[in-house]
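Novice:
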Amino acid sequence: MKYESITTSDVNNGLGCRVTLWVSGCTHHCKQCHNKKTWKFTSGKAYNEKVEKVLFDEIDRPYIKGLTLSGGDPLDSPDGVLELLQHFRERFGNTKDVWIYTGYTYEYCIEHHKEILELADILVDGMYDCTKRDTSLAFRGSSNQRIIDLKTGEDISSKL
Amino acid sequence: MIKTVIKRDGTHAHFRIEKIFNVLDKAFGSLELETPVEVYDFIKDWVNGYEEEIIDVETIQDKIEKYLMRYYPCVAKNFIIYRSQHKQMREEKDSLIKEVDKKLKAKNVENQNANVDEYSFGGRMGEVTRVVTKDYAMKYCMSKKSKNNHLNNEIYIHDLDSYAAGMHNCLSIPFDDLLANGFYTRQTDVRPANSINTAMQLVAVIFQLQSLQQFGGVSATHLDWTMVPYVKKSFRKHVKGWFRFVEGLDKDVAEAKTQELEYKFGELCFTNEEFKNALPNIYRYAYGQTETETYQAVEGMYHNLNTLQSRSGNQLPFTSINYGTCTSPEGRMVTQKLLEVSIAGLGKFHKTPIFPCGIFQYMKGVNDKPGTPNYDLYQLALQSTAKRLYPNYANVDWSGNAGYDINDPRTYFSTMGCRTANGWDINGFGQLKDGRGNICPVTIILPTLAMEADRNVEKFMKLLDKKIGEAKDMLIERFEWICSQSPKSADFMYINHTMAGYVPEEGIRSALKHGTIVIGQLGLAETLQLLIGKNHLTDEGMALAKRIEQLFKDRCAEYKKEYSLNFGVYYTPAENLCYTALKKFRDKYGVIENVSDREYFTNSMHVPVWEKVTPFEKIDIESQLTGYSSAGCITYVELPSTVLHNTEALETIVNYAMDHDLPYFAVNTPNDLCTNCGYQGELGETCPQCGSTKIQRLRRVTGYLTGDFRTAFNLGKQDEVEDRVKHNKEIIV
Numbered sequence: 012m013k014y015e016s017i018t019t020s021d022v023n024n025g026l027g028c029r030v031t032l033w034v035s036g037c038t039h040h041c042k043q044c045h046n047k048k049t050w051k052f053t054s055g056k057a058y059n060e061k062v063e064k065v066l067f068d069e070i071d072r073p074y075i076k077g078l079t080l081s082g083g084d085p086l087d088s089p090d091g092v093l094e095l096l097q098h099f100r101e102r103f104g105n106t107k108d109v110w111i112y113t114g115y116t117y118e119y120c121i122e123h124h125k126e127i128l129e130l131a132d133i134l135v136d137g138m139y140d141c142t143k144r145d146t147s148l149a150f151r152g153s154s155n156q157r158i159i160d161l162k163t164g165e166d167i168s169s170k171l
Numbered sequence: 010m011i012k013t014v015i016k017r018d019g020t021h022a023h024f025r026i027e028k029i030f031n032v033l034d035k036a037f038g039s040l041e042l043e044t045p046v047e048v049y050d051f052i053k054d055w056v057n058g059y060e061e062e063i064i065d066v067e068t069i070q071d072k073i074e075k076y077l078m079r080y081y082p083c084v085a086k087n088f089i090i091y092r093s094q095h096k097q098m099r100e101e102k103d104s105l106i107k108e109v110d111k112k113l114k115a116k117n118v119e120n121q122n123a124n125v126d127e128y129s130f131g132g133r134m135g136e137v138t139r140v141v142t143k144d145y146a147m148k149y150c151m152s153k154k155s156k157n158n159h160l161n162n163e164i165y166i167h168d169l170d171s172y173a174a175g176m177h178n179c180l181s182i183p184f185d186d187l188l189a190n191g192f193y194t195r196q197t198d199v200r201p202a203n204s205i206n207t208a209m210q211l212v213a214v215i216f217q218l219q220s221l222q223q224f225g226g227v228s229a230t231h232l233d234w235t236m237v238p239y240v241k242k243s244f245r246k247h248v249k250g251w252f253r254f255v256e257g258l259d260k261d262v263a264e265a266k267t268q269e270l271e272y273k274f275g276e277l278c279f280t281n282e283e284f285k286n287a288l289p290n291i292y293r294y295a296y297g298q299t300e301t302e303t304y305q306a307v308e309g310m311y312h313n314l315n316t317l318q319s320r321s322g323n324q325l326p327f328t329s330i331n332y333g334t335c336t337s338p339e340g341r342m343v344t345q346k347l348l349e350v351s352i353a354g355l356g357k358f359h360k361t362p363i364f365p366c367g368i369f370q371y372m373k374g375v376n377d378k379p380g381t382p383n384y385d386l387y388q389l390a391l392q393s394t395a396k397r398l399y400p401n402y403a404n405v406d407w408s409g410n411a412g413y414d415i416n417d418p419r420t421y422f423s424t425m426g427c428r429t430a431n432g433w434d435i436n437g438f439g440q441l442k443d444g445r446g447n448i449c450p451v452t453i454i455l456p457t458l459a460m461e462a463d464r465n466v467e468k469f470m471k472l473l474d475k476k477i478g479e480a481k482d483m484l485i486e487r488f489e490w491i492c493s494q495s496p497k498s499a500d501f502m503y504i505n506h507t508m509a510g511y512v513p514e515e516g517i518r519s520a521l522k523h524g525t526i527v528i529g530q531l532g533l534a535e536t537l538q539l540l541i542g543k544n545h546l547t548d549e550g551m552a553l554a555k556r557i558e559q560l561f562k563d564r565c566a567e568y569k570k571e572y573s574l575n576f577g578v579y580y581t582p583a584e585n586l587c588y589t590a591l592k593k594f595r596d597k598y599g600v601i602e603n604v605s606d607r608e609y610f611t612n613s614m615h616v617p618v619w620e621k622v623t624p625f626e627k628i629d630i631e632s633q634l635t636g637y638s639s640a641g642c643i644t645y646v647e648l649p650s651t652v653l654h655n656t657e658a659l660e661t662i663v664n665y666a667m668d669h670d671l672p673y674f675a676v677n678t679p680n681d682l683c684t685n686c687g688y689q690g691e692l693g694e695t696c697p698q699c700g701s702t703k704i705q706r707l708r709r710v711t712g713y714l715t716g717d718f719r720t721a722f723n724l725g726k727q728d729e730v731e732d733r734v735k736h737n738k739e740i741i742v
């Protein structure tokens, strides 16, 4: 798995102050994507133990609420992401939370990425649809996208 | 023979020989001599024998000078001096008039102060007055040392235009007293307020009146507490209203009925459970009416503070209100309505209000954590900050405000919006904030001193010590000047004791001595860069920064004791100075990388706006230095995007700042408004809703906000805003 960059003190991609890992590679290629440079699976740097340590140490700061996986589409690199999340829970248990942004729908993910969903807390699902763009929405770009609480399966986007 | 003289302005005048005699008498008289007769004769002969009838003034003077040089060289010397002095006076008059001309025609508008409209009639008049009074102050009100420090860009004298008249700077108004007792104005007196609506409108009126007595801002230090009695009065009024308008009884009968209830249940207020249970309909009616009235009262006050121009129509009073710690239901209602009105915004497009500057007083055990009585109001405050940039946050538990009385909200830490704070009063008022303010500030331009000390640390520390001493002298000089004014200059202030402590027999010094006189600073980051090639993001830079601030603090503490005046360390807002000081610096020393290669000096001890740090890192650094300042400082962070949907993040950041003992904290988030359709948020070049390019970009300038920063800010501040990097960060592995 490769990653494009890591942003810390991010207030844009999930509740609280977060650390966001921008995973390289995406198979959706939504029209008017805001982050095209992350489409290629070969772009960015290799994600390895050293990177993971830096990433986790940053998340460990008391004011950081959790980790956000975005990209790219992290679920296009499911093996790397699963491994990352297993390490994450080993280190943090449930003291920090995980948000995942994906172009796949929640229903699709339940079928194909069950293990990953079990390790995460929130899923922002669905491809970006530029005809449904709405800049006033919380944490997402178009109104077809949902914010799913993975514990209950409920769409909580209207509550945020 | 000479008959006509051409004057310097080119006009012709009848030639009068006695004018020449007059000048000669002065020249000889200066050596205590009489003008010899042969001198008069020489002039007569020359005038009568002159070939033409017209001559200009300069030619006449040249002739006299030459003659005197030859026969009376000592007198000639004085004549020449006299001539050159007059020439200088003429030139000064010319340049003064040129400056007046510039201001009167609003050429080269500098937006020195984000709140003054320099294009307006009132603004232009004000600017002209400023030119003249500044000139007067420099020439006649201060010592040569003060003047030189100011002109050399070493110690800046703030608000020079208000120096000569002897005004003071700012004041926290004792609203509790003024509303309870009423007050006097030139034309009338005003009775005590009897409802929340009246009380709120009187707050606006008093702000307005007081701001005319001084040159700086005005504040309310605990407005929620202040308003409690008036919410109660309104509640009673609405109980009576039930009898009058619901039951249709006469006024007198309604009053009698209301008194009956009071006799039976005690004071009619929100917390009177017995009354509430016995007469739920009346209670609900009165409560609802009071709530509506409180909202409208706050809304009215907001409108007044954003519309009533003062100081000859060219600026709004700089108003600030502190609130958030009162836990009584009435006080909570006031805070809630203040925040709701702030969130709702003003006007057709619900614009963000510029005034008043709201300041939420964050207090442990009162509103800081879930389960505390006013935690819900803190949440509301965060929502308002996310949308409106206000409120800012004052830290009631700040260690620098130690010794305050938990039972007296007038001693809770509060600020004047820009950042000025009233520290411990050595003349008997302790931590009392009300009725006190800053009397006058000066600011030491640190980078100039670094250059004058040849960028050598030890030389710099020595020079700084000397300059802090001179700053103290300059402040005392101005303080004495202010004390020498008549109380009639600020009748409203002294009659109503808005400035506390005034004893007529002792003169106005009896009040002014409770205020602060403060030594400010500009450009610590650039100074460190000059001295050691790095700023306080590094350990070495921080160590030197602390050494510098310690010197400020120690000296101010010594002066405070020695002179029994409230000297304090001030982290100056320097709204205009950041730009003008830099320009002067660059003219003298040229462009130096990371020092004078931008259009501004960095505010006080702030981390430079171009440094890429997270909000938490910025707080970590600045919180190490805020403890040195007793007279006011602010820390703010730039958030990269709107946090309207993420007040949780905002809460984390504010909590972090408060936990790190920052006294005063503010958050900047993008606040753009399409003035075509009213869409608000973070906008690019065009509005996503209507495509218009008419976008107003609201930004913080000191502690206050101002209109669109691209038109209302001076060039230095505009440049600074453009350079402000957002405080999120890429992590490089």
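Top to bottom, those sequences are chains A and B.
Take any residue in the first sequence, note its place counting from 1, add 11, and you have its number in our numbering.
Take any residue in the second sequence, note its place counting from 1, add 9, and you have its number in our numbering.
Think of the CB as a built atom: it goes at the ideal place given N, C-alpha and C, for glycine as much as any other residue.
Computed from a predicted model, the values in this text were never measured in an experiment.
Excluding the 5 residues preceding and the 5 following D629/B in the sequence, name in chain order all residues of the same chain whose CB lies nearer than 8 Å to its CB.
Specialist: Hits under 8 Å: H669.
Novice: Counting only Cβ pairs nearer than 8 Å, list the residues of chain A close to T661/B.
Specialist: G27, C28, Y74 and K76
Novice: So, at 7 Å on beta carbons, what are the nonlocal neighbours of H577/B in its own chain, with the 5 sequence-adjacent residues on each side left out?
Specialist: Looking at the sequence shown, residue 577/B is not His but Gly. Excluding residues within five positions, the ones whose Cβ falls inside 7 Å are G432, T525, V527, C565, S639 and A640.
Novice: Got a sec: is the Cβ-Cβ distance from N155/A to anything in chain B below 8 Å?
Specialist: no
Novice: Can you pull the chain A neighbours of L648/B, defined as C-beta to C-beta under 7 Å?
Specialist: V22
Novice: When you compare only the Cα positions, how much space is there between I15/B and V141/B?
Specialist: 30 Å
Novice: Using CA atoms only, rank isn't needed, just tell me which of D145/A, L128/A, G114/A and K162/A is closest to M46/A.
Specialist: A small fix is needed here, since residue 46/A is Asn in this sequence, not Met. Of D145/A, L128/A, G114/A and K162/A, the residue nearest in Cα terms is G114/A.
Novice: Which residues in the same chain have their Cβ closer than 7 Å to the Cβ of D87/A, if we skip the five residues on either side of it in sequence?
Specialist: G36, C37 and T38
Novice: If we ignore side chains and look at the alpha-carbon of each, how far apart do P679/B and N331/B end up?
Specialist: 24 Å
Novice: How about N830/B: is its C-beta nearer than 8 Å to some C-beta of chain A?
Specialist: The question about residue 830/B has no answer here: the residues shown for chain B are numbered 10 through 742.
Novice: Tell me whether the stretch 369-378 of chain B and the stretch 325-340 of chain B touch, counting them as touching only if at least three CB pairs, one residue from each stretch, are closer than 8 Å.
Specialist: yes
Novice: Kindly indicate if chain B contains any beta-carbon less than 8 Å away from that of A57/A.
Specialist: no
Novice: Whole angstroms are fine: how far does the CA of T299/B sit from the CA of G250/B?
Specialist: 11 Å
Novice: Might you give, ordered along the chain, the residues of its own chain that have their beta carbon closer than 8 Å to the beta carbon of S605/B, omitting 5 neighbours on each side?
Specialist: P456, E535, L591, F594, R595, Y598 and G599
Novice: List, in chain order, every chain A residue whose beta-carbon is nearer than 8 Å to that of E657/B.
Specialist: L26, G27 and K76
Novice: Could you tell me whether any Cβ in chain A is nearer than 8 Å to the Cβ of G690/B?
Specialist: yes
Novice: Are any of the Cβ atoms in chain B nearer than 8 Å to that of E69/A?
Specialist: yes
Novice: Which ranges would you report for the alpha helix (DSSP H) in the stretch 400-488 of chain B if only whole runs of at least 4 residues count?
Specialist: 455-461
Novice: If I measure Cβ to Cβ from L314/B and keep anything under 6 Å in the same chain, skipping five residues before and after, which residues do I get?
Specialist: A213, T328, F364 and P365
Novice: Following the continuous alpha helix (DSSP H) through C141/A, name the residue where it begins and the one where it ends.
Specialist: Counting along the chain, C141/A falls outside any alpha helix (DSSP H), and DSSP gives it neither H nor E.
Novice: When DSSP labels each residue in this structure, what does Y665/B get in the three-state scheme?
Specialist: helix
Novice: Of the choices G132/B, G131/B and H159/B, whose alpha-carbon is the least far from that of D144/B?
Specialist: Taking only the C-alpha atoms, the option nearest D144/B is H159/B.
Novice: Hey, out of H247/B, H545/B, Q97/B and I166/B, whose CA is closest to T301/B's CA?
Specialist: Nearest C-alpha to T301/B: H247/B.
Novice: Kindly indicate if chain B contains any beta-carbon less than 8 Å away from that of A9/A.
Specialist: In the structure as shown, chain A begins at 12 and stops at 171. Residue 9/A is therefore absent and cannot be evaluated.
Novice: Looking only at its own chain, which residues have a Cβ that is under 8 Å from the Cβ of I127/A, when we skip the five neighbours before and after it?
Specialist: Here the set comprises L86, P89, V92, L93, L96, I111 and C120.
Novice: Find the nearest neighbour of I70/A within the set G83/A, T18/A and K42/A, judged by alpha-carbon distance.
Specialist: T18/A
Novice: Specify, as a first and last residue, the run of the alpha helix (DSSP H) that C120/A falls within.
Specialist: Y117 to H123
Novice: Taking only beta-carbon atoms, is P379/B less than 8 Å away from chain A?
Specialist: no
Novice: For Q217/B versus A499/B, is the C-beta spacing smaller than 8 Å?
Specialist: no
Novice: Which value, in whole angstroms, describes the spacing of the CA atoms of K208/B and T146/A?
Specialist: At residue 208/B the sequence reads Ala, which differs from the Lys that was named. Their Cα atoms are separated by approximately 41 Å.
Novice: So, at 8 Å on beta carbons, what are the nonlocal neighbours of M551/B in its own chain, with the 5 sequence-adjacent residues on each side left out?
Specialist: H545, I630 and Q633
Novice: Which residue wins for smallest C-alpha separation from D136/A, given the options E129/A, T142/A, D160/A and L130/A?
Specialist: Ranking the options by Cα distance to D136/A, first place goes to D160/A.
Novice: Taking Cβ positions, are F244/B and A202/B nearer each other than 8 Å?
Specialist: no
Novice: Just how far apart, CA to CA, sit E264/B and E276/B?
Specialist: 14 Å
Novice: Can you name the residues that DSSP bridges to R29/A?
Specialist: D21/A and G77/A
Novice: Given that K61/A touches chain B, what residues does it touch there, using C-beta distances under 7 Å?
Specialist: In chain order: V742.
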